[in-house]
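Peer 1: Can you read through this structure? Questions will come right after.
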Amino acid sequence: MSDTKTVISYREALYQSMNTALSESPEVVIMGQGVDDHKGTFGSTSNLAEKYGKERVFDIPLSEEGNTGIAIGAALNGLYPIQTHIRNDFSLLAMNQIVNTAAKYKYMYGGHFEVPFLIRMIIGRSWGQGAQHSQSFQSLFAHIPGLVVIMPSSADTVLESYNYAVQKYKGPVISIEHRLLYDYNFNSNYNSNSNSQFKENPFTSRLIREGSDITIVATSIMVIEAQRVSDYLFREFKIDCEIIDLHAISHFNKEMILKSVKKTGKLIVADTSWRAYGVCAEISRIVCETDPSMLKAPVVSLGMQPTPCPTTKKLEDLFYTDDYTFTKKIIELVKGKNHNIPMTERSMNEAYKNFKGPF
Amino acid sequence: MSDTKTVISYREALYQSMNTALSESPEVVIMGQGVDDHKGTFGSTSNLAEKYGKERVFDIPLSEEGNTGIAIGAALNGLYPIQTHIRNDFSLLAMNQIVNTAAKYKYMYGGHFEVPFLIRMIIGRSWGQGAQHSQSFQSLFAHIPGLVVIMPSSADTVLESYNYAVQKYKGPVISIEHRLLYDYNFNSNYNSNSNSQFKENPFTSRLIREGSDITIVATSIMVIEAQRVSDYLFREFKIDCEIIDLHAISHFNKEMILKSVKKTGKLIVADTSWRAYGVCAEISRIVCETDPSMLKAPVVSLGMQPTPCPTTKKLEDLFYTDDYTFTKKIIELVKGKNHNIPMTERSMNEAYKNFKGPF
Amino acid sequence: MISLYKNLFYQSLRIRMVEEKIIEIYPSDKIQSPVHLSIGQEAVAVGICNNLLKTDLLYSSYRSHAYYLAKGANLNKMFAELYGKVTGCGKGKAGSMHLAEKSVGFMGSSAVVASTISHAVGSALASKRLNKNQVCVATFGDGASEEGSYHESLNFASVFKLPVLFVCENNGLAIHSTIDQRHSYKIHEHAKSYNLKSTYIEEGYDFMKINSLISETINEIKLTGLPQVVEIKTYRYKEHVGIGDDHHVPYRSSKDFDNWKSVDPLIQDKTLINEFSEKINAEIEAAVNFAEQSEFPADSELFTDIY
Amino acid sequence: MISLYKNLFYQSLRIRMVEEKIIEIYPSDKIQSPVHLSIGQEAVAVGICNNLLKTDLLYSSYRSHAYYLAKGANLNKMFAELYGKVTGCGKGKAGSMHLAEKSVGFMGSSAVVASTISHAVGSALASKRLNKNQVCVATFGDGASEEGSYHESLNFASVFKLPVLFVCENNGLAIHSTIDQRHSYKIHEHAKSYNLKSTYIEEGYDFMKINSLISETINEIKLTGLPQVVEIKTYRYKEHVGIGDDHHVPYRSSKDFDNWKSVDPLIQDKTLINEFSEKINAEIEAAVNFAEQSEFPADSELFTDIY
Ligand SMILES: Cc1ncc(C[n+]2csc(CCOP(=O)(O)OP(=O)(O)O)c2C)c(N)n1
Ligand SMILES: Cc1ncc(C[n+]2csc(CCOP(=O)(O)OP(=O)(O)O)c2C)c(N)n1
Ligand SMILES: [Mg+2]
Ligand SMILES: [Mg+2]
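Following this line, the structure appears as structure tokens:
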């Protein structure tokens, strides 16, 4: 095993996985609104139509329900379709096909059919996206048996999951990507480390930081925030956070979470969506059904405020969790409310500050 | 306050609420597939078209997304539409309108618009409904700020909620009714007891049985099952269950639940849907975020097995919770696994046994 | 060699007799799943499927018994499925509303109206991309054409020039709702606005006529690779779901019913009925027997085939 | 009295100048929300709204600045909204994509393509049931007509005979995708299959022509109570979202652009531009000022107006 590390952006990882899918698997087609235009789904499908032909990478009409049914029918007859929704919000129009047919195709007919396909859905944040361009529906999909729901938080989780989905997995996979991750750079071991367990089993969670004081379960971009906050807390106050990247919202590693919470006794869940009936709820259920006494303090959950997303920046900043709150909650959980640690109101992270829409 | 009790069926309560809506509120229309036919939405809208005219009670095309948008537009211009989905499953086709527009109309435009309407959705169980006629999407809707989501479990919760929704509430209400409740008879205090707190505040939970040994939080038909099981356990073994009818899936009474769990230390949640990202998850979150130490034992959740619903009775019986399991779980929680209480495999409840589809 | 007429008659009669058997069995509660009978509509399924190869893919709705049989799937497995047995085509998990049989190209039947129309389009896309030379068929009711995905499917198939045959079985009803309450358009006229060829047959009881039109249509689709729509007027004899008659309910006229029956070969052609009944009955008895004798799925089957 | 031409010109120019002001302000990042400009398409909004009463209800898409203004909503409140201020028409919660103003019957503008078309149908249903004598208008793009709910909306409006005007602003593009990649149908032809009247105007820059057709159409709708469709060809000058030009990208030809500009009154009629610019500028400056001076919503606003 070589230890050569490469640095690639999330966008490059997406592009690589799309490129690999097309080059390695002749049955792959990428069908989505604008996948062949000059913006190429925020750069993740750029020039692939030119490279592989418009028969394999093509634009489709604005017909989400129909298009999803078409992907399912195509999958049933030998293609591997990759679909894209440039906003997660639009996937609601395809909910019937995703939930009533894709998720059930294999089971409902007694195991005789398979529907292998990938739906990429993008979630956003910041810069006035407003109520209809800011939603994050992982818990809706993960409630439904039959769907694999993932939220890649890094270049390698993209590469592992997408390559596996296309090459090995035979059912529908829903992947929710965060637009603000696209410009992040990541250390990637994917190509050097050919034996990674996650290549064979990507639909699970990752322990990405070991620590003893508190367990942070995070999804998507909140994993990055968790890392930044944890680094800061360790550097400044020797608070040692354990971070689990939940990744597989429908198939997360329960044992990993339970083991961690047993060790730390403290749990904070940071997700990109609303908290009610969301990721924190599900993690709480797992803990409560196993042994609630492992919790030595109340659980804290971070997510969107229980409102539609307002457009104005002033309110939008309150709508989302900032890392000041994240930091504060961790300190309070670990050190108690009277912790005496000086906290200055810290700014939002760089990505949100520098990001300028529209996207 | 008179204490005259009347006995009415769930179906009659539905019918009464529809009739009251039409007679008291000239802006009400009932628009739904088959609402004016001789079966009248399982009897809940029978003859209303004849009584109030086909301008007010009318059939509509098979166009769930469009129809929901039409209801929203109608609500914005002065009507109060009542829509029906004879299966909850079909509402997925309307998800975009429900989540992206109805739930956000008031907020997104700064509070200047209101969308008062009621969507009735029916869930089923038993008799080979299969994968696409058996789903129960309360948690999907309740995840979304802006929606009131209720699951009436009795005649009075129907009357309280629907009359209030139509006469007082100004936003979208989603009500999930259980088909197998339609034939149940209930004691009704609605007409005699004119001061019920629930007439003024129906979108909350109800403590329907006080007890000290365990807290049961139940939804929809599981409330009936909880009552039957609790009566049995008290009669036979003096196990004393407290039952909370969650009712308002989006607006349940947290304090009521926390108070009860603090008292009993034991919690069992019985819901009509899948457990992952479902009602038990959300209740667990509330407990965990408040004080997990109130739990003296692991939480138990009952719901559908994590599979699509199989059609054959043999597997369907395993897919749903039966009251044998319900009873057993309670005894184990209260008395411990080595409880020595003799348990015979009890049959499914009468409704499921006697129910013959198709519906 | 048996004549075309006799062959199509035989197939149609077989479907009717199978469904009449279901009616007979139903009160016993051995079939615990909602059934949507095709009685009166058999000629449509037979006229279509007679022109399809096993490799041509067909998708239908919950009203699918006729298609299952006409496409050549196994009768034993059908009764076993209705009985909820593990030997059924869907291992008992499917029931009446979700019959399918991959080996004969019967690809699915959904209980959500219109939801399989787009599947046929997608399969045609795959056929074209992978040069499989299949025709893919979507059959659906008049009600289904009201769903948005019907519009989306027609448009996609036409823009992408896909070999799809859309067949609307227009029985004039969606449950109890008549078509004039629901449609502003004529199905076969509306379809033309998507720049595709569309035809209409009034005599949905006439399997010969349907067969010959579909034969021509399929040939054209194979030749041109372009989608077409066929609308066929037909008549549902039984109630929407279940086994009862419901002409006593005033939502439709029993005069229409009488007219339809008076031209229905499966009622009128007593000679052929007599000729074929015995053989068909024997096959049905054997299938029912097979179903009765079969096992229910093991408990563990609840958790298989999800992912 | 000012002539009709001058009046419509003034309104169109005002919209264009407002959007040009947005372009000017945008780099400052004071407007933090995606803007979909109507530059090039103003005549459509003006030609429609000139024929509507305040009580007639209009729904549009995220590309709604033009409709907001043409329908008579307040310019101060618009800039304040773009600035995210509490004095905005949506208290800052709406932003560019969700302008609306109840008092003038501008009922909503959604960022989900096609999602408001059915709202107009529903409002027309209410109008009919409650005898309000309103016309309800849905405006939407060519891309929106691909969504299933468009089909559902046309059908419903026609079956129920509702006073709805559907106006498709056909700019030939959905983001960067050209119409021939997406449409098998001609919008105004397809609409006719729903048994409703449908017309087409090629000259989407010509507010006089649009105005006169819409005037006739609205009169007919008020008279008959029946829905109609109007398709208007138009041209989007700017990129789909944002303030840039993108004719350097080869997804569309700059020759078309040049042709369009050569007939665009808002470019060609220098006399009127000169006559009106000052007045309009003053109004815009005042509005920007109003926006600048206004307050952001209080934190507590986050939690109001949900239920
Ligand atoms: C999306 C959806 N909406 C409503 C229903 C309820 N439903 C079942 S069958 C049916 C009528 C369908 O009519 P049609 O498409 O003409 O088929 P037919 O039953 O006449 O063969 C309806 C409304 C459903 N199953 N799916
Ligand atoms: C349901 C949905 N699908 C996709 C999108 C992404 N999107 C935003 S605008 C647009 C193009 C719409 O084109 P058209 O309806 O012609 O309107 P135009 O922008 O040309 O005015 C698309 C695809 C969306 N907002 N909503
Ligand atoms: Mg029909
Ligand atoms: Mg356009």
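Chains as they are written, first to last, in the working numbering: chain A, 124 to 482; chain B, 124 to 482; chain C, 1039 to 1345; chain D, 1039 to 1345. By construction, the Cβ of each residue, glycine as well, lies at the ideal position given by its N, Cα and C atoms. Here the structure is a predicted model, which is why all the values come from computation and not from measurement.
For Lys1199 (chain C), which of C:Cys1174, C:Ile1305 and C:Gln1219 has the nearest alpha-carbon?
Peer 2: For the purposes of this step, residue 1199 (chain C) is identified with residue 161 of the third sequence, where counting begins at 1. For Lys1199 (chain C), the nearest C-alpha among the options comes from C:Cys1174.
Peer 1: If you run the structure through DSSP and keep just helix, strand and coil, what is Phe260 (chain B)?
Peer 2: For the purposes of this step, residue 260 (chain B) is taken as the residue at position 137 of the second sequence. In the structure shown, Phe260 (chain B) sits in coil (DSSP, three-state: anything other than H, G, I, E or B).
Peer 1: Any heavy atom of ligand 4 inside 7 angstroms of the beta-carbon of Asn1297 (chain D)?
Peer 2: Locating residue 1297 (chain D) in the fourth sequence gives position 259, where the first residue counts as 1. No, since every heavy atom of ligand 4 falls outside the 7 angstroms radius drawn around the Cβ of Asn1297 (chain D).
Peer 1: Quick one: does Arg1220 (chain D) have its CB under 8 angstroms from some CB of chain C?
Peer 2: Numbered from its first residue, the fourth sequence carries residue 1220 (chain D) at position 182. By this cut-off, Arg1220 (chain D) is an interface position.
Peer 1: Rounded to whole angstroms, what's the CA-CA distance from Phe1328 (chain D) to Asn1319 (chain D)? Just pull it up for me.
Peer 2: Counting from one through the fourth sequence, the residue named residue 1328 (chain D) turns up at place 290. Counting from one through the fourth sequence, the residue named residue 1319 (chain D) turns up at place 281. In a straight line, the C-alpha of Phe1328 (chain D) is about 14 angstroms away from that of Asn1319 (chain D).
Peer 1: For a quick check, are the C-beta atoms of Phe309 (chain B) and Tyr138 (chain B) less than 8 angstroms apart?
Peer 2: Reading the second sequence from its first residue, position 186 is the one you call residue 309 (chain B). Reading the second sequence from its first residue, position 15 is the one you call residue 138 (chain B). Taking 8 angstroms as the Cβ cut-off, Phe309 (chain B) and Tyr138 (chain B) do not qualify as a contacting pair.
Peer 1: Can you pull the DSSP bridge partners for Arg329 (chain A)?
Peer 2: Here the question's residue 329 (chain A) lines up with position 206 in the first sequence. DSSP output for Arg329 (chain A) lists A:Asp368 as bridge partner(s).
Peer 1: Chain A beta carbons: is any one of them nearer than 8 angstroms to that of Arg179 (chain B)?
Peer 2: Taking the second sequence and counting its residues from 1, one reaches residue 179 (chain B) at position 56. Not closer than 8 angstroms to any Cβ of chain A, the Cβ of Arg179 (chain B) fails to qualify, so no.
Peer 1: Nearest CA to the CA of Leu1352 (chain D): which residue from D:Val1073, D:Glu1057 and D:Asn1088?
Peer 2: Past the edges of chain D, shown from 1039 to 1345, lies residue 1352 (chain D), and the structure says nothing about it.
Peer 1: Can you give me the start and stop residues for the alpha helix (DSSP H) that Ile1086 (chain C) sits inside?
Peer 2: Within the third sequence, residue 1086 (chain C) is the residue found at index 48, counting from 1. Looking at the DSSP string, the run of the alpha helix (DSSP H) that includes Ile1086 (chain C) is Glu1080 to Cys1087.
Peer 1: Alpha carbon to alpha carbon, how far is Gly1263 (chain C) from Arg1220 (chain C)? Give it in angstroms, no decimals.
Peer 2: Start at 1 with the first residue of the third sequence, and residue 1220 (chain C) comes out as number 182. Start at 1 with the first residue of the third sequence, and residue 1263 (chain C) comes out as number 225. About 32 angstroms.
Peer 1: Is the region 1307-1316 of chain C touching the region 1076-1093 of chain C in the sense that three or more CB pairs, one from each, lie closer than 8 angstroms?
Peer 2: Judged by Cβ distances under 8 angstroms, the region 1076-1093 of chain C makes no contact with the region 1307-1316 of chain C, as fewer than three pairs qualify.
Peer 1: For Arg243 (chain B), name the three-state secondary structure that DSSP assigns.
Peer 2: Locating residue 243 (chain B) in the second sequence gives position 120, where the first residue counts as 1. In the structure shown, Arg243 (chain B) sits in a strand (DSSP, three-state: E or B).
Peer 1: Going along the chain, which residues put their C-beta within less than 6 angstroms of some heavy atom in ligand 4?
Peer 2: Cβ atoms closer than 6 angstroms to ligand 4 belong to D:Gly1179, D:Asp1180, D:Gly1181, D:Asn1209, D:Leu1211 and D:Ala1212.
Peer 1: With DSSP as the reference, label Ala496 (chain A) as helix, strand or coil.
Peer 2: This structure leaves residue 496 (chain A) out entirely; chain A is present only between 124 and 482.
Peer 1: Spatial neighbours of Leu185 (chain A) within its chain, please: C-beta separation below 8 angstroms, excluding the five flanking residues on both sides.
Peer 2: For the purposes of this step, residue 185 (chain A) is taken as residue 62 along the first sequence, with counting starting at 1. Closer than 8 angstroms at the Cβ level, and outside the excluded window around Leu185 (chain A), lie Gln156.
Peer 1: Out of C:His1214, C:Glu1254, C:Phe1314 and C:Ser1236, which has the shortest C-alpha to C-alpha gap to His1286 (chain C)?
Peer 2: As a working note, residue 1286 (chain C) is residue 248 in the third sequence. Closest by alpha carbon: C:His1214.
Peer 1: Nearest by alpha-carbon distance to Ile205 (chain B): which of B:Val271, B:Tyr228, B:Ile297 and B:Ala254 is it?
Peer 2: Position 82 of the second sequence holds residue 205 (chain B). With distances taken between Cα atoms, Ile205 (chain B) lies closest to B:Ile297.
Peer 1: Run through DSSP, which three-state label would Ala288 (chain B) get?
Peer 2: Residue 288 (chain B) sits at position 165 when you count from the first residue of the second sequence. Correct three-state label for Ala288 (chain B): helix.
Peer 1: Quick check: what's the CA-CA separation for Leu270 (chain A) versus Ala399 (chain B)?
Peer 2: Counting from one through the first sequence, the residue named residue 270 (chain A) turns up at place 147. Counting from one through the second sequence, the residue named residue 399 (chain B) turns up at place 276. Looking at the two C-alpha atoms, the distance is approximately 12 angstroms.
Peer 1: Could you tell me if the beta carbon of Gln156 (chain B) falls within a distance shorter than 7 angstroms of some heavy atom in ligand 5?
Peer 2: Questions concerning ligand 5 fall outside what the structure shown contains, since the ligands it does hold are ligand 1, ligand 2, ligand 3 and ligand 4.
Peer 1: Suppose you measure from the CA of Lys1247 (chain C) to the CA of Ala1081 (chain D); what does that come to, to the nearest Å?
Peer 2: Locating residue 1247 (chain C) in the third sequence gives position 209, counting from the first residue. Locating residue 1081 (chain D) in the fourth sequence gives position 43, counting from the first residue. Near 54 angstroms, if we compare the C-alpha coordinates of Ala1081 (chain D) and Lys1247 (chain C).
Peer 1: Apart from the five residues on each side of it in sequence, which residues of its chain come closer than 6 angstroms, Cβ to Cβ, to Lys293 (chain A)?
Peer 2: Counting from one through the first sequence, the residue named residue 293 (chain A) turns up at place 170. So the qualifying residues of the chain are Glu237 and Pro239.
Peer 1: Compute the distance between the beta-carbons of Ile246 (chain B) and Arg302 (chain B), then report whether it is under 8 angstroms.
Peer 2: Position 123 of the second sequence, counting from 1, holds the residue named residue 246 (chain B). Position 179 of the second sequence, counting from 1, holds the residue named residue 302 (chain B). Yes, Cβ-Cβ distance for Ile246 (chain B) and Arg302 (chain B) is below 8 angstroms.
Peer 1: Answer yes or no: does any C-beta atom of chain A fall closer than 8 angstroms to that of Arg408 (chain B)?
Peer 2: The residue you call residue 408 (chain B) lines up with position 285 of the second sequence. Yes, its Cβ sits closer than 8 angstroms to a Cβ of chain A.
Peer 1: Just list the residues that DSSP pairs Asn310 (chain B) with in beta bridges.
Peer 2: Taking the first residue of the second sequence as position 1, residue 310 (chain B) is located at position 187. Note: Asn310 (chain B) sits in a beta bridge opposite B:Val130.
Peer 1: Pull up the CB-CB distance for Ser1099 (chain C) and Ala1182 (chain C), whole angstroms please, since I reckon it's below 8 angstroms.
Peer 2: In the third sequence, counting from the first residue as 1, residue 1099 (chain C) sits at position 61. In the third sequence, counting from the first residue as 1, residue 1182 (chain C) sits at position 144. The pair is a contact, with the Cβ atoms about 7 angstroms apart (cut-off 8 angstroms).
Peer 1: Any idea what DSSP makes of Asn200 (chain B), helix, strand or coil?
Peer 2: Residue 200 (chain B) sits at position 77 when you count from the first residue of the second sequence. Three-state result, Asn200 (chain B): coil.
Peer 1: Spatial neighbours of Thr143 (chain B) within its chain, please: CB distance less than 7 angstroms, with the 5 preceding and 5 following residues excluded, ordered by chain position.
Peer 2: Counting from 1 along the second sequence, the entry for residue 143 (chain B) is found at position 20. The answer, listed in chain order, is Asn286.
Peer 1: Since I believe His208 (chain A) is in contact with Met489 (chain A) (beta carbons under 8 angstroms), could you give me their beta-carbon distance rounded to a whole number of angstroms?
Peer 2: Outside the displayed span of chain A (124 to 482) sits residue 489 (chain A), for which this structure offers no information.
Peer 1: Which class does Gln1266 (chain D) belong to by DSSP, given the choice of helix, strand or coil?
Peer 2: Sequence index remark: in the fourth sequence, residue 1266 (chain D) carries index 228 (1-based). Three-state DSSP puts Gln1266 (chain D) in a strand.
Peer 1: Quick one: Cα of Gly459 (chain B) to Cα of Lys419 (chain B), how far?
Peer 2: Translated into the one-based positions of the second sequence, residue 459 (chain B) becomes position 336. Translated into the one-based positions of the second sequence, residue 419 (chain B) becomes position 296. C-alpha separation (whole angstroms): 12 angstroms.
Peer 1: Look up Gly1121 (chain D) in the DSSP assignment and say whether it is helix, strand or coil.
Peer 2: As a first step, residue 1121 (chain D) is located in the fourth sequence; it is residue number 83 there, counting from the start. According to the sequence as given, residue 1121 (chain D) is Tyr; it is not Gly. Coil, per DSSP.
Peer 1: Helix, strand or coil, according to DSSP, for Thr1154 (chain C) in the structure here?
Peer 2: Stepping through the third sequence from its first residue, residue 1154 (chain C) is reached at position 116. Coil at Thr1154 (chain C), not helix or strand.
Peer 1: Tell me, please, whether the CB atom of Gly1210 (chain C) is closer than 8 angstroms to any CB atom in chain B?
Peer 2: Position 172 of the third sequence, counted from the start, is the residue given in the question as residue 1210 (chain C). By this cut-off, Gly1210 (chain C) is not an interface position.
Peer 1: What separation, rounded to the nearest whole angstrom, lies between the Cα atoms of Glu150 (chain B) and Glu173 (chain B)?
Peer 2: Here residue 150 (chain B) refers to the residue found at position 27 when the second sequence is read from its first residue. Here residue 173 (chain B) refers to the residue found at position 50 when the second sequence is read from its first residue. Those two C-alpha atoms are separated by around 17 angstroms.
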